[in-house]
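Here the structure is laid out as structure tokens; the discussion comes afterwards.
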Amino acid sequence: DPLDGFFSSAVANVPFNSANEAAAFANARFDWKETPEAHVFKADLPGLKKEEVKVEVEEGRILQISGERRKEQEEKNDKWHRLERSSGKFLRRFRLPENAKMYQVKASMENGVLTITVPKEEEKKPEVEAIEI
1 DPLDGFFSSA VANVPFNSAN EAAAFANARF DWKETPEAHV FKADLPGLKK EEVKVEVEEG
61 RILQISGERR KEQEEKNDKW HRLERSSGKF LRRFRLPENA KMYQVKASME NGVLTITVPK
121 EEEKKPEVEA IEI
């Protein structure tokens, strides 16, 4: 078929910036694992500085993470051949369980990876009293 591959090669050379690309960054993906000591969140946020990311604790044990990757400044004579990196804002909210120490949240960012650690309250073991028979 003479049209085989025509559309894929034609589209491959057109700068493309769709809502889907913006959504790819807007829906920043997080891993959340629970260890015996803490809840640990991780997200890959390449190209962002820690100053561009905000980690907040809200009432009701809500952990909110937000940020924005801005578009690169365009010069008048620039000609784009590909525009694949996403930009835009993201906002994620997580409701944490009752054992989360919301007042001891720690966050760090290294090599574009955001890590948030929320320590857990120690599990209260029910006291058991032996009754003499």
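Here the sequence shown stands for residues 1 to 133, where the numbers follow full-length UniProt numbering.
All residues carry an ideal CB built from backbone N, CA and C; glycine is no exception.
Contact under 8 Å by Cβ, GLY67 with PHE90: yes
Cα-Cα separation between ARG92 and GLU56, rounded to whole angstroms: 11 Å
Counted within 10 angstroms of its Cβ, other Cβ atoms place PRO15 as buried (16 or more) or exposed: Legend: pLDDT at PRO15 = 44, less than 50; position of this residue unreliable, no value from coordinates given.
Start-end ranges of the beta strand (DSSP E) lying completely within the segment 39-87, minimum 3 residues: 53-58, 62-69
Proximity winner among ARG70, ILE62, PHE41, LYS33, relative to GLY47 (alpha-carbon distances): ARG70
Residue span of the beta strand (DSSP E) that contains VAL118, given as start and end: 113-119
Assumed close pair VAL118, ALA38 - CB separation to whole angstroms, cut-off 8 Å: 6 Å
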